[in-house]
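Everything in the sequence shown is counted per my numbering, starting at 310 for the first residue and increasing by one.
Note that CB positions come from ideal geometry on N, CA and C, so glycine has one too.
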Amino acid sequence: MKSIQKYFLALLPPEPLLSKSTQIKEQLRDRHQVKYALKSPPHITVKMPFSYNEAKEDLLAEKLGEFLKDQAPLAISIAGIGTFGNRVIFQQIISDELLWDFQSRLGVFCKRELLLTNELSDRNFHPHMTLAFKDLKPSKFSAVLETCKALQFSGNFLADKLFLLKRLEGKWKICRELQFGRSF
(Lines of atoms letter the chains of each structure in order from A and count residues from 1; the text may use other names and numbers.)
(Lines give C-alpha, C1' and ligand atoms only; values in the text may rest on other atoms or scores of the structure.)
Protein backbone atom coordinates (compact mmCIF):
# COMPACT_ATOMS: atom_id res chain seq x y z
CA MET A 1 0.00 0.00 0.00
CA LYS A 2 1.25 3.44 -0.92
CA SER A 3 1.96 5.70 2.05
CA ILE A 4 2.67 9.31 1.13
CA GLN A 5 4.68 11.17 3.76
CA LYS A 6 6.00 14.72 4.11
CA TYR A 7 9.76 15.32 3.94
CA PHE A 8 12.18 18.21 3.59
CA LEU A 9 15.93 18.64 3.13
CA ALA A 10 18.09 20.72 5.43
CA LEU A 11 21.53 21.47 6.80
CA LEU A 12 21.80 21.20 10.59
CA PRO A 13 24.45 22.79 12.78
CA PRO A 14 26.54 20.39 14.87
CA GLU A 15 26.73 20.43 18.66
CA PRO A 16 27.02 22.64 20.64
CA LEU A 17 25.39 25.07 18.16
CA LEU A 18 22.38 22.78 17.73
CA SER A 19 21.69 22.75 21.47
CA LYS A 20 22.24 26.50 21.82
CA SER A 21 19.63 27.19 19.13
CA THR A 22 17.23 24.70 20.69
CA GLN A 23 17.69 26.42 24.07
CA ILE A 24 16.58 29.74 22.55
CA LYS A 25 13.42 28.06 21.24
CA GLU A 26 12.81 26.53 24.68
CA GLN A 27 13.20 29.95 26.33
CA LEU A 28 10.64 31.38 23.87
CA ARG A 29 8.25 28.58 24.82
CA ASP A 30 8.79 29.11 28.55
CA ARG A 31 8.71 32.92 28.56
CA HIS A 32 6.28 33.72 25.73
CA GLN A 33 4.36 30.50 24.99
CA VAL A 34 5.80 30.53 21.45
CA LYS A 35 6.58 26.90 20.72
CA TYR A 36 5.79 25.98 17.11
CA ALA A 37 9.46 26.20 16.05
CA LEU A 38 10.23 23.37 18.49
CA LYS A 39 8.47 20.98 16.09
CA SER A 40 11.77 20.70 14.17
CA PRO A 41 15.45 20.77 15.10
CA PRO A 42 17.39 23.96 14.27
CA HIS A 43 18.07 23.82 10.54
CA ILE A 44 18.63 25.65 7.27
CA THR A 45 16.00 24.49 4.79
CA VAL A 46 17.49 23.77 1.36
CA LYS A 47 14.41 22.03 -0.10
CA MET A 48 10.94 22.96 1.12
CA PRO A 49 8.56 20.22 2.35
CA PHE A 50 7.40 17.78 -0.29
CA SER A 51 5.25 14.66 -0.43
CA TYR A 52 6.93 11.35 -1.27
CA ASN A 53 6.08 7.66 -1.26
CA GLU A 54 7.46 6.26 2.00
CA ALA A 55 8.07 2.88 0.32
CA LYS A 56 10.62 4.62 -1.94
CA GLU A 57 12.48 6.34 0.92
CA ASP A 58 15.59 4.16 0.44
CA LEU A 59 15.65 5.04 -3.26
CA LEU A 60 15.25 8.73 -2.38
CA ALA A 61 18.25 8.53 -0.01
CA GLU A 62 20.27 6.64 -2.63
CA LYS A 63 19.58 9.26 -5.31
CA LEU A 64 20.42 12.10 -2.93
CA GLY A 65 23.63 10.30 -1.97
CA GLU A 66 24.57 10.17 -5.64
CA PHE A 67 23.94 13.92 -5.94
CA LEU A 68 26.18 14.54 -2.91
CA LYS A 69 29.09 12.34 -3.99
CA ASP A 70 31.20 15.28 -5.23
CA GLN A 71 29.93 17.88 -2.75
CA ALA A 72 32.55 19.62 -0.61
CA PRO A 73 31.62 20.91 2.88
CA LEU A 74 29.99 24.34 3.06
CA ALA A 75 31.26 27.05 5.43
CA ILE A 76 28.35 28.45 7.45
CA SER A 77 28.22 31.25 10.04
CA ILE A 78 25.40 31.98 12.47
CA ALA A 79 25.44 35.71 13.16
CA GLY A 80 22.64 37.86 14.50
CA ILE A 81 18.86 37.88 14.56
CA GLY A 82 16.62 38.76 11.63
CA THR A 83 12.92 38.91 10.85
CA PHE A 84 10.49 38.43 8.00
CA GLY A 85 8.09 41.26 8.78
CA ASN A 86 6.42 40.65 12.13
CA ARG A 87 5.65 36.99 11.45
CA VAL A 88 9.03 35.18 11.65
CA ILE A 89 12.13 35.64 13.85
CA PHE A 90 15.27 33.77 12.87
CA GLN A 91 19.00 33.38 13.35
CA GLN A 92 20.82 34.91 10.40
CA ILE A 93 23.05 32.69 8.30
CA ILE A 94 26.10 34.01 6.49
CA SER A 95 27.82 31.97 3.83
CA ASP A 96 29.54 32.42 0.50
CA GLU A 97 28.07 31.78 -2.93
CA LEU A 98 28.76 28.05 -2.58
CA LEU A 99 25.70 27.64 -0.32
CA TRP A 100 23.46 29.37 -2.88
CA ASP A 101 24.99 27.26 -5.65
CA PHE A 102 24.40 24.07 -3.64
CA GLN A 103 20.76 24.95 -2.95
CA SER A 104 20.17 25.87 -6.60
CA ARG A 105 21.77 22.66 -7.92
CA LEU A 106 19.81 20.63 -5.36
CA GLY A 107 16.57 22.24 -6.58
CA VAL A 108 17.36 21.37 -10.20
CA PHE A 109 18.28 17.81 -9.17
CA CYS A 110 15.06 17.39 -7.16
CA LYS A 111 12.98 18.60 -10.09
CA ARG A 112 14.72 16.51 -12.77
CA GLU A 113 15.62 13.33 -10.90
CA LEU A 114 13.00 13.14 -8.14
CA LEU A 115 10.19 14.86 -10.07
CA LEU A 116 9.56 17.28 -7.20
CA THR A 117 7.96 20.68 -7.66
CA ASN A 118 10.25 23.69 -7.37
CA GLU A 119 8.34 25.80 -4.82
CA LEU A 120 8.46 29.61 -4.82
CA SER A 121 10.29 29.43 -1.46
CA ASP A 122 12.90 27.18 -3.08
CA ARG A 123 13.54 29.83 -5.74
CA ASN A 124 13.70 32.70 -3.21
CA PHE A 125 16.34 31.12 -0.98
CA HIS A 126 17.15 33.12 2.16
CA PRO A 127 19.22 30.90 4.47
CA HIS A 128 18.19 31.20 8.12
CA MET A 129 17.29 29.15 11.20
CA THR A 130 13.77 29.90 12.42
CA LEU A 131 13.28 30.64 16.12
CA ALA A 132 9.63 31.75 16.12
CA PHE A 133 6.77 31.66 13.59
CA LYS A 134 3.16 30.47 13.13
CA ASP A 135 2.17 30.90 16.79
CA LEU A 136 4.03 34.24 17.06
CA LYS A 137 1.27 36.78 17.61
CA PRO A 138 1.78 40.43 16.59
CA SER A 139 1.10 41.52 20.18
CA LYS A 140 4.07 39.41 21.40
CA PHE A 141 6.42 40.11 18.50
CA SER A 142 8.51 42.89 20.12
CA ALA A 143 8.98 41.02 23.40
CA VAL A 144 9.92 37.79 21.62
CA LEU A 145 12.34 39.65 19.35
CA GLU A 146 14.02 41.26 22.38
CA THR A 147 14.39 37.84 24.03
CA CYS A 148 15.97 36.46 20.86
CA LYS A 149 18.40 39.37 20.68
CA ALA A 150 19.34 38.92 24.35
CA LEU A 151 20.02 35.20 23.84
CA GLN A 152 21.69 35.40 20.44
CA PHE A 153 25.08 33.86 19.79
CA SER A 154 27.40 33.50 16.85
CA GLY A 155 29.22 30.45 15.60
CA ASN A 156 30.78 28.82 12.58
CA PHE A 157 30.59 25.31 11.22
CA LEU A 158 31.26 23.24 8.13
CA ALA A 159 28.11 21.62 6.80
CA ASP A 160 29.17 18.22 5.50
CA LYS A 161 25.84 16.37 5.65
CA LEU A 162 22.41 16.79 4.14
CA PHE A 163 19.56 15.80 6.45
CA LEU A 164 16.32 14.27 5.26
CA LEU A 165 13.59 15.14 7.76
CA LYS A 166 10.22 13.42 7.91
CA ARG A 167 6.99 14.52 9.54
CA LEU A 168 6.05 12.02 12.25
CA GLU A 169 3.29 12.58 14.81
CA GLY A 170 3.19 16.32 14.11
CA LYS A 171 6.96 16.87 14.42
CA TRP A 172 9.85 16.88 11.97
CA LYS A 173 12.33 14.11 12.81
CA ILE A 174 15.70 13.36 11.26
CA CYS A 175 15.11 10.41 8.99
CA ARG A 176 18.49 10.18 7.22
CA GLU A 177 21.91 11.82 7.43
CA LEU A 178 23.56 11.89 4.02
CA GLN A 179 27.30 12.56 4.06
CA PHE A 180 28.82 14.89 1.50
CA GLY A 181 31.18 13.01 -0.79
CA ARG A 182 34.49 14.64 -0.17
CA SER A 183 36.11 16.74 2.49
CA PHE A 184 39.04 19.11 2.33
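Below 8 Å, too few C-beta pairs join the stretch 360 to 367 and the stretch 397 to 412 to call them touching: fewer than three. Contact check between the stretch 318 to 325 and the stretch 465 to 475: three or more CB pairs, one atom from each, fall below 8 Å, which counts as touching. For the pair THR439 and ASP339, the Cα-to-Cα distance works out to about 17 Å. Taking C-beta atoms as the reference points, LYS458 and LYS348 fail to come closer than 8 Å.
Classified as buried, ILE390 has 16 or more neighbouring CB atoms from the shown chains inside 10 Å of its CB. Separation of ILE483 and LEU337 (C-alpha to C-alpha, rounded to the nearest whole angstrom) is 23 Å. Beta-bridge analysis with DSSP links LEU383 to ALA468. A distance of 8 Å or more separates the beta carbons of SER448 and ALA364.
For ARG340, the uninterrupted alpha helix (DSSP H) run begins and ends at 326 to 341, by DSSP.
Residue pairing by DSSP leaves ASN427 without any beta bridge partner. Judged by DSSP in its simplified three-state form, SER448 adopts coil rather than helix or strand.
For ALA370, the enclosing alpha helix (DSSP H) covers residues 366 to 377. According to the DSSP assignment, SER413 belongs to the alpha helix (DSSP H) that extends over 406 to 422. With fewer than 16 other beta carbons inside 10 angstroms of its own, ALA452 counts as exposed.
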